[in-house]
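Colleague: Numbering of the sequence shown is given in this note's numbering, commencing with residue 23 and proceeding in unit increments. The beta-carbon is built from N, C-alpha and C at its ideal position, and this holds for glycine as well. A single structure is presented below for examination.
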Amino acid sequence: MNAFAPRPPRADADELLRAELAELLPPPPVPDLTAERNQHLRHAVLRTALAGGNGTTARPARARRPHQGLRLGWIAAPMAACAVVAGVAVLAPQAGPAGPPGRVPVGRSASPGAVRILSGAALAAAAAPAPDARPGGYVYVKSLVAHAGRDAAGGPATLPPAHQREVWLSVDGGRPGLLREPGAADTELGAEAPVYELEHRGATPRKTTMETAPPSVTNPTHAYVAALPTDPAVLLRLVRDQTRADGGDADQRAFTAIGTLLAETWAPPGVTAALYEAAARIPGVTVLPSAKDAAGREGVAVARASHGEQTQWVFDRTTSAFLGERTVLVEDTSAGRAGTVLGVSAVLAKAAAPARGEAPKG
(Lines of atoms letter the chains of each structure in order from A and count residues from 1; the text may use other names and numbers.)
(Lines give C-alpha, C1' and ligand atoms only; values in the text may rest on other atoms or scores of the structure.)
Protein backbone atom coordinates (compact mmCIF):
# COMPACT_ATOMS: atom_id res chain seq x y z
CA MET A 1 0.00 0.00 0.00
CA ASN A 2 1.28 3.46 -0.88
CA ALA A 3 1.88 5.20 2.43
CA PHE A 4 1.29 8.60 0.81
CA ALA A 5 -1.94 7.81 -1.04
CA PRO A 6 -4.98 9.68 0.34
CA ARG A 7 -7.37 7.51 2.26
CA PRO A 8 -11.14 7.57 1.66
CA PRO A 9 -12.52 10.37 3.81
CA ARG A 10 -15.29 8.28 5.38
CA ALA A 11 -13.69 4.83 5.48
CA ASP A 12 -14.22 3.18 8.83
CA ALA A 13 -11.57 1.23 10.74
CA ASP A 14 -12.80 -2.16 9.50
CA GLU A 15 -12.59 -1.09 5.87
CA LEU A 16 -9.07 0.26 6.34
CA LEU A 17 -7.92 -2.91 8.09
CA ARG A 18 -9.52 -5.05 5.39
CA ALA A 19 -7.80 -3.07 2.65
CA GLU A 20 -4.40 -3.23 4.35
CA LEU A 21 -4.62 -6.98 4.90
CA ALA A 22 -5.76 -7.52 1.34
CA GLU A 23 -2.68 -5.64 0.13
CA LEU A 24 -0.38 -7.67 2.37
CA LEU A 25 -1.95 -11.08 1.97
CA PRO A 26 -3.47 -11.58 -1.52
CA PRO A 27 -4.54 -15.24 -1.47
CA PRO A 28 -3.24 -17.82 -3.97
CA PRO A 29 -4.89 -21.23 -4.46
CA VAL A 30 -5.06 -22.98 -1.10
CA PRO A 31 -2.33 -25.65 -0.90
CA ASP A 32 -3.23 -29.12 0.29
CA LEU A 33 -1.10 -29.33 3.41
CA THR A 34 -1.26 -31.68 6.34
CA ALA A 35 -1.44 -30.26 9.84
CA GLU A 36 2.18 -31.18 10.40
CA ARG A 37 3.27 -29.07 7.41
CA ASN A 38 1.38 -25.92 8.38
CA GLN A 39 4.19 -24.82 10.67
CA HIS A 40 6.67 -25.06 7.79
CA LEU A 41 4.32 -23.01 5.59
CA ARG A 42 4.31 -20.21 8.15
CA HIS A 43 8.11 -20.28 8.29
CA ALA A 44 8.34 -20.13 4.48
CA VAL A 45 5.95 -17.17 4.35
CA LEU A 46 7.99 -15.37 7.02
CA ARG A 47 11.21 -15.94 5.10
CA THR A 48 9.60 -14.65 1.89
CA ALA A 49 8.36 -11.51 3.60
CA LEU A 50 11.69 -10.84 5.26
CA ALA A 51 13.48 -11.23 1.96
CA GLY A 52 11.42 -8.35 0.64
CA GLY A 53 9.45 -10.52 -1.76
CA ASN A 54 5.83 -10.16 -2.67
CA GLY A 55 5.02 -13.62 -1.37
CA THR A 56 1.45 -14.54 -0.72
CA THR A 57 -0.29 -17.00 1.50
CA ALA A 58 -3.75 -18.37 1.97
CA ARG A 59 -5.98 -18.72 4.95
CA PRO A 60 -4.32 -21.01 7.51
CA ALA A 61 -6.10 -24.31 8.07
CA ARG A 62 -6.17 -24.15 11.85
CA ALA A 63 -2.41 -24.25 12.01
CA ARG A 64 -0.95 -25.73 15.13
CA ARG A 65 1.16 -23.48 17.24
CA PRO A 66 4.63 -24.83 18.02
CA HIS A 67 5.76 -24.99 21.62
CA GLN A 68 7.39 -21.64 22.36
CA GLY A 69 10.28 -21.49 24.66
CA LEU A 70 11.76 -24.88 24.10
CA ARG A 71 15.11 -24.46 22.68
CA LEU A 72 14.90 -24.53 19.05
CA GLY A 73 14.59 -21.33 18.84
CA TRP A 74 17.82 -20.85 20.48
CA ILE A 75 20.45 -23.49 20.42
CA ALA A 76 20.59 -24.97 16.97
CA ALA A 77 21.55 -21.82 15.17
CA PRO A 78 22.49 -22.42 11.56
CA MET A 79 22.35 -19.75 8.95
CA ALA A 80 19.76 -20.56 6.32
CA ALA A 81 16.39 -19.38 7.60
CA CYS A 82 16.44 -16.26 9.72
CA ALA A 83 14.13 -13.72 11.29
CA VAL A 84 15.14 -10.07 11.30
CA VAL A 85 14.36 -8.16 14.47
CA ALA A 86 15.43 -4.53 14.83
CA GLY A 87 17.92 -4.98 12.02
CA VAL A 88 19.50 -8.12 13.48
CA ALA A 89 18.95 -11.58 12.02
CA VAL A 90 18.73 -14.32 14.65
CA LEU A 91 19.95 -17.54 13.12
CA ALA A 92 17.36 -20.30 12.95
CA PRO A 93 17.49 -24.06 12.39
CA GLN A 94 18.45 -25.33 8.97
CA ALA A 95 16.72 -28.40 7.61
CA GLY A 96 19.35 -29.50 5.13
CA PRO A 97 18.87 -32.06 2.36
CA ALA A 98 16.99 -35.25 3.08
CA GLY A 99 18.91 -38.30 4.17
CA PRO A 100 22.01 -38.72 6.30
CA PRO A 101 24.94 -36.83 4.73
CA GLY A 102 27.70 -38.39 6.82
CA ARG A 103 29.95 -41.33 6.04
CA VAL A 104 28.91 -43.43 9.02
CA PRO A 105 27.23 -46.64 7.83
CA VAL A 106 23.61 -47.06 8.81
CA GLY A 107 23.18 -49.23 11.89
CA ARG A 108 26.42 -48.31 13.63
CA SER A 109 26.24 -46.70 17.05
CA ALA A 110 28.22 -43.80 18.47
CA SER A 111 31.99 -44.08 18.83
CA PRO A 112 33.28 -46.22 21.74
CA GLY A 113 34.41 -43.12 23.61
CA ALA A 114 31.01 -41.46 23.20
CA VAL A 115 29.27 -44.65 24.32
CA ARG A 116 31.40 -44.68 27.50
CA ILE A 117 30.53 -41.06 28.32
CA LEU A 118 26.84 -41.50 27.60
CA SER A 119 26.72 -44.75 29.58
CA GLY A 120 28.32 -42.96 32.53
CA ALA A 121 25.76 -40.17 32.23
CA ALA A 122 22.97 -42.77 32.15
CA LEU A 123 24.25 -44.44 35.33
CA ALA A 124 24.49 -41.08 37.09
CA ALA A 125 21.00 -40.12 35.96
CA ALA A 126 19.52 -43.41 37.11
CA ALA A 127 20.85 -42.78 40.61
CA ALA A 128 19.60 -39.18 40.80
CA PRO A 129 16.54 -38.19 42.86
CA ALA A 130 13.23 -38.23 41.03
CA PRO A 131 11.57 -34.88 40.23
CA ASP A 132 9.21 -33.78 42.98
CA ALA A 133 6.90 -31.91 40.61
CA ARG A 134 3.24 -32.49 41.43
CA PRO A 135 0.00 -32.14 39.47
CA GLY A 136 -1.16 -28.56 39.60
CA GLY A 137 2.41 -27.27 39.93
CA TYR A 138 5.12 -26.28 37.52
CA VAL A 139 8.55 -27.48 36.45
CA TYR A 140 11.09 -24.67 36.64
CA VAL A 141 14.24 -24.62 34.48
CA LYS A 142 16.83 -21.85 34.76
CA SER A 143 19.62 -21.58 32.23
CA LEU A 144 22.05 -19.27 30.52
CA VAL A 145 21.69 -18.99 26.75
CA ALA A 146 23.13 -17.09 23.82
CA HIS A 147 22.41 -17.44 20.12
CA ALA A 148 24.35 -15.84 17.33
CA GLY A 149 22.86 -13.29 14.98
CA ARG A 150 23.74 -11.42 11.83
CA ASP A 151 22.78 -7.90 10.89
CA ALA A 152 20.28 -7.43 8.08
CA ALA A 153 23.07 -6.73 5.59
CA GLY A 154 24.64 -10.15 6.19
CA GLY A 155 28.19 -10.67 7.35
CA PRO A 156 29.52 -13.20 9.84
CA ALA A 157 27.49 -14.27 12.84
CA THR A 158 28.32 -12.80 16.23
CA LEU A 159 27.49 -14.33 19.59
CA PRO A 160 26.24 -11.91 22.26
CA PRO A 161 26.90 -12.46 25.97
CA ALA A 162 24.81 -15.21 27.50
CA HIS A 163 21.69 -14.12 29.37
CA GLN A 164 19.49 -15.81 31.94
CA ARG A 165 16.41 -17.68 30.80
CA GLU A 166 13.68 -19.00 33.08
CA VAL A 167 10.90 -21.34 32.01
CA TRP A 168 7.85 -22.59 33.92
CA LEU A 169 6.04 -25.57 32.39
CA SER A 170 2.75 -26.91 33.72
CA VAL A 171 3.28 -30.40 35.16
CA ASP A 172 0.10 -31.79 33.64
CA GLY A 173 0.20 -29.55 30.58
CA GLY A 174 -3.26 -28.23 31.33
CA ARG A 175 -2.26 -24.61 31.82
CA PRO A 176 -0.02 -22.19 29.94
CA GLY A 177 3.62 -21.98 30.93
CA LEU A 178 5.87 -18.94 31.04
CA LEU A 179 9.16 -17.81 29.52
CA ARG A 180 11.07 -15.00 31.24
CA GLU A 181 14.18 -13.29 29.87
CA PRO A 182 15.71 -9.98 30.93
CA GLY A 183 14.79 -6.98 28.86
CA ALA A 184 11.70 -8.63 27.40
CA ALA A 185 8.09 -9.03 28.43
CA ASP A 186 7.10 -12.39 29.87
CA THR A 187 5.93 -14.80 27.17
CA GLU A 188 3.06 -17.19 27.79
CA LEU A 189 3.83 -20.70 26.57
CA GLY A 190 1.32 -23.18 25.23
CA ALA A 191 -1.70 -20.88 25.10
CA GLU A 192 -3.85 -20.58 22.00
CA ALA A 193 -2.56 -17.62 20.00
CA PRO A 194 -5.03 -15.13 18.46
CA VAL A 195 -4.83 -14.89 14.67
CA TYR A 196 -6.90 -13.21 11.95
CA GLU A 197 -8.10 -15.31 9.03
CA LEU A 198 -8.72 -13.71 5.63
CA GLU A 199 -11.04 -15.78 3.46
CA HIS A 200 -10.39 -13.82 0.26
CA ARG A 201 -9.44 -10.36 -0.98
CA GLY A 202 -11.88 -7.82 0.42
CA ALA A 203 -13.21 -10.12 3.14
CA THR A 204 -13.56 -8.93 6.70
CA PRO A 205 -10.75 -10.42 8.84
CA ARG A 206 -12.09 -12.99 11.27
CA LYS A 207 -10.46 -13.42 14.64
CA THR A 208 -9.70 -17.00 15.65
CA THR A 209 -6.94 -18.92 17.41
CA MET A 210 -4.20 -21.35 16.51
CA GLU A 211 -4.79 -24.69 18.13
CA THR A 212 -2.08 -25.89 20.47
CA ALA A 213 -0.29 -29.02 19.35
CA PRO A 214 -0.74 -32.18 21.41
CA PRO A 215 2.15 -33.24 23.67
CA SER A 216 5.02 -34.85 21.81
CA VAL A 217 8.80 -35.14 21.80
CA THR A 218 8.99 -31.70 20.18
CA ASN A 219 6.16 -30.22 22.25
CA PRO A 220 6.66 -31.87 25.65
CA THR A 221 4.81 -31.47 28.89
CA HIS A 222 6.24 -32.81 32.11
CA ALA A 223 3.59 -35.52 32.22
CA TYR A 224 4.41 -36.56 28.66
CA VAL A 225 8.15 -36.72 29.34
CA ALA A 226 7.59 -38.69 32.55
CA ALA A 227 5.68 -41.31 30.57
CA LEU A 228 8.29 -41.78 27.82
CA PRO A 229 9.50 -45.37 27.33
CA THR A 230 12.61 -46.40 29.23
CA ASP A 231 13.70 -48.96 26.62
CA PRO A 232 16.41 -47.07 24.66
CA ALA A 233 15.59 -48.73 21.34
CA VAL A 234 11.87 -47.99 21.66
CA LEU A 235 12.59 -44.43 22.80
CA LEU A 236 14.93 -43.74 19.89
CA ARG A 237 12.37 -45.08 17.45
CA LEU A 238 9.72 -42.79 18.96
CA VAL A 239 12.04 -39.77 18.70
CA ARG A 240 12.80 -40.56 15.07
CA ASP A 241 9.11 -40.95 14.24
CA GLN A 242 8.08 -37.68 15.90
CA THR A 243 10.83 -35.62 14.27
CA ARG A 244 10.35 -37.09 10.80
CA ALA A 245 8.35 -34.10 9.51
CA ASP A 246 11.32 -31.77 9.99
CA GLY A 247 13.24 -33.36 7.10
CA GLY A 248 17.01 -33.40 6.77
CA ASP A 249 19.43 -35.71 8.56
CA ALA A 250 17.37 -38.19 10.61
CA ASP A 251 20.24 -38.96 12.98
CA GLN A 252 20.90 -35.28 13.62
CA ARG A 253 17.21 -34.63 14.19
CA ALA A 254 17.15 -37.36 16.84
CA PHE A 255 20.36 -36.10 18.50
CA THR A 256 19.04 -32.53 18.58
CA ALA A 257 15.63 -33.52 19.93
CA ILE A 258 17.15 -35.62 22.71
CA GLY A 259 19.44 -32.72 23.62
CA THR A 260 16.43 -30.43 23.90
CA LEU A 261 14.68 -32.86 26.25
CA LEU A 262 17.82 -33.12 28.40
CA ALA A 263 18.31 -29.36 28.56
CA GLU A 264 14.78 -28.08 28.96
CA THR A 265 12.70 -30.74 30.67
CA TRP A 266 13.03 -32.55 33.97
CA ALA A 267 12.56 -36.22 33.22
CA PRO A 268 12.44 -39.01 35.82
CA PRO A 269 15.75 -40.88 36.35
CA GLY A 270 14.75 -43.87 34.23
CA VAL A 271 13.71 -41.71 31.28
CA THR A 272 16.83 -39.55 31.48
CA ALA A 273 19.02 -42.67 31.53
CA ALA A 274 17.15 -44.02 28.51
CA LEU A 275 17.67 -40.74 26.64
CA TYR A 276 21.44 -41.06 27.08
CA GLU A 277 21.38 -44.73 26.08
CA ALA A 278 19.28 -43.89 23.03
CA ALA A 279 21.80 -41.22 22.01
CA ALA A 280 24.55 -43.83 22.27
CA ARG A 281 22.81 -45.72 19.46
CA ILE A 282 22.97 -42.78 17.03
CA PRO A 283 25.66 -43.11 14.33
CA GLY A 284 28.25 -40.36 14.07
CA VAL A 285 28.33 -39.28 17.74
CA THR A 286 31.93 -38.68 18.80
CA VAL A 287 33.93 -37.33 21.77
CA LEU A 288 35.48 -33.91 22.32
CA PRO A 289 38.12 -33.95 25.07
CA SER A 290 37.21 -30.46 26.26
CA ALA A 291 34.34 -27.99 25.87
CA LYS A 292 32.78 -25.19 27.91
CA ASP A 293 29.15 -24.36 28.52
CA ALA A 294 27.65 -20.87 28.64
CA ALA A 295 28.62 -20.50 32.30
CA GLY A 296 32.27 -21.21 31.49
CA ARG A 297 32.20 -24.66 33.12
CA GLU A 298 34.70 -26.93 31.40
CA GLY A 299 33.97 -30.57 30.77
CA VAL A 300 34.09 -33.41 28.28
CA ALA A 301 31.60 -33.45 25.42
CA VAL A 302 29.90 -35.77 22.99
CA ALA A 303 29.14 -34.22 19.63
CA ARG A 304 27.58 -34.83 16.25
CA ALA A 305 28.14 -32.86 13.05
CA SER A 306 25.76 -32.39 10.15
CA HIS A 307 25.66 -29.91 7.27
CA GLY A 308 28.65 -27.92 8.49
CA GLU A 309 27.57 -27.60 12.12
CA GLN A 310 28.44 -29.57 15.21
CA THR A 311 26.12 -29.93 18.21
CA GLN A 312 27.96 -30.59 21.48
CA TRP A 313 26.65 -31.84 24.84
CA VAL A 314 28.96 -30.87 27.69
CA PHE A 315 29.23 -33.12 30.77
CA ASP A 316 30.90 -32.67 34.14
CA ARG A 317 34.02 -34.84 34.21
CA THR A 318 33.48 -35.96 37.78
CA THR A 319 29.72 -36.38 38.17
CA SER A 320 28.74 -36.99 34.52
CA ALA A 321 26.01 -34.35 34.97
CA PHE A 322 24.71 -32.65 31.83
CA LEU A 323 26.02 -29.05 31.87
CA GLY A 324 24.82 -27.53 28.63
CA GLU A 325 25.14 -27.40 24.86
CA ARG A 326 27.09 -25.68 22.12
CA THR A 327 26.56 -25.39 18.37
CA VAL A 328 29.72 -24.66 16.38
CA LEU A 329 30.50 -24.30 12.67
CA VAL A 330 32.87 -27.00 11.45
CA GLU A 331 33.06 -25.59 7.92
CA ASP A 332 33.54 -22.09 6.55
CA THR A 333 30.17 -20.61 5.56
CA SER A 334 28.69 -17.17 5.00
CA ALA A 335 27.85 -17.17 8.73
CA GLY A 336 31.52 -17.41 9.68
CA ARG A 337 34.68 -19.43 9.69
CA ALA A 338 34.97 -22.94 11.04
CA GLY A 339 35.03 -22.71 14.84
CA THR A 340 32.44 -19.92 15.04
CA VAL A 341 30.08 -20.57 17.96
CA LEU A 342 26.45 -20.22 16.92
CA GLY A 343 24.75 -21.12 20.19
CA VAL A 344 25.62 -21.98 23.76
CA SER A 345 23.69 -22.85 26.90
CA ALA A 346 24.20 -23.84 30.52
CA VAL A 347 21.61 -25.56 32.69
CA LEU A 348 21.70 -23.89 36.11
CA ALA A 349 18.71 -25.31 37.96
CA LYS A 350 15.73 -27.65 37.62
CA ALA A 351 13.15 -27.66 40.37
CA ALA A 352 9.45 -27.78 41.20
CA ALA A 353 7.64 -24.45 41.47
CA PRO A 354 4.24 -23.94 43.12
CA ALA A 355 3.10 -21.24 40.70
CA ARG A 356 3.92 -19.83 37.29
CA GLY A 357 6.42 -17.00 37.51
CA GLU A 358 7.43 -17.91 41.05
CA ALA A 359 11.00 -19.10 41.51
CA PRO A 360 11.46 -22.16 43.72
CA LYS A 361 12.57 -21.46 47.26
CA GLY A 362 16.02 -22.57 48.30
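#1: Within a Cβ cutoff of 6 Å, which residues of the same chain sit near alanine 300, ignoring the five residues on either side of it in sequence?
#2: Comparing alpha-carbon positions, which option in Ala148, Pro157, Val369 lies nearest arginine 187?
#3: Which residues share a DSSP beta bridge with glycine 160?
#4: Considering only C-alpha positions, which residue in the set Tyr160, Pro178, Ala295 is nearest to alanine 147?
#5: According to DSSP, which residues form a beta bridge with phenylalanine 7?
#6: When the Cα atoms are used, what is the spatial distance from valine 293 to threonine 226?
#7: Comparing C-alpha positions only, which one of Ala184, Ala174, Glu210, Ser312 sits nearest to alanine 136?
#8: Under a Cβ-count criterion, where at least 16 other Cβ atoms within 10 Å of its own Cβ denotes burial, should leucine 166 be classed as buried or exposed?
#9: Do alanine 245 and glycine 195 count as a contact pair if the criterion is CB distance below 7 Å?
#10: Output needed for arginine 266: all residues of its chain with C-beta closer than 7 Å, excluding positions within five of it in sequence on either side, in chain order.
#11: Rounded to whole angstroms, what is the Cα-Cα separation between valine 239 and alanine 174?
#12: May I ask you to verify whether the region 319–338 touches the region 192–210, counting CB pairs closer than 8 Å and requiring at least 3?
#13: Relative to the C-alpha of arginine 378, which residue among Leu201, Ile280, Arg275, Tyr298 is closest?
#14: Considering only residues of the same chain and omitting the five flanking positions on each side of threonine 341, which have a CB-CB separation below 7 Å?
#15: Helix, strand or coil, according to DSSP, for threonine 278 in the structure here?
#16: Please name the residue, chosen from Glu210, Leu250, Ala323, that lies closest to glycine 199 on a Cα-to-Cα basis.
#17: Would you mind stating whether valine 352 and alanine 360 have Cβ atoms separated by less than 7 Å?
#18: Quick check: the Cα distance between histidine 185 and alanine 316, rounded to an integer number of angstroms?
#19: My output table needs one value for alanine 146: the three-state DSSP class, helix, strand or coil.
#20: Answer yes or no: do threonine 333 and threonine 349 have a C-beta to C-beta separation smaller than 7 Å?
#21: Can you give the beta carbon distance from proline 182 to alanine 168, rounded, assuming they're within the 8 Å contact cut?
#22: Alpha carbon to alpha carbon, what distance is there between asparagine 241 and tyrosine 298?
#23: What number of angstroms, rounded off, separates the C-alpha of proline 290 from the C-alpha of alanine 343?
#24: Given a cut-off of 7 Å, decide if alanine 373 and tyrosine 162 are closer than it, judged by their beta-carbon atoms.
#25: Give the DSSP-derived three-state secondary structure of threonine 294 in the structure shown.
#26: Candidates Glu331, Lys383, Pro376, Asp338: which alpha carbon is nearest leucine 364's?
Modeller: According to the structure shown:
#1: Pro254, Leu257, Leu258
#2: Val369
#3: Before going on, a small fix: residue 160 reads as tyrosine here, not glycine. Answer is Ser192, Ala375, bridged to tyrosine 160.
#4: Ala295
#5: Beyond the ends of the chain as shown, which are 23 and 384, falls residue 7; an answer cannot be given.
#6: 49 Å
#7: Ser312
#8: buried
#9: yes
#10: Cβ-Cβ distances below 7 Å link arginine 266 to nothing in the same chain once the five nearest sequence neighbours on each side are left out.
#11: 33 Å
#12: no
#13: Leu201
#14: Ala146
#15: helix
#16: Glu210
#17: Yes, these two residues count as a Cβ contact at 7 Å.
#18: 9 Å
#19: Residue state, collapsed to three classes: helix.
#20: Yes; because the gap between Cβ atoms is below 7 Å, this pair is in contact.
#21: 6 Å
#22: 19 Å
#23: 14 Å
#24: yes
#25: helix
#26: For leucine 364, the closest C-alpha among the options Glu331, Lys383, Pro376, Asp338 is that of Glu331.
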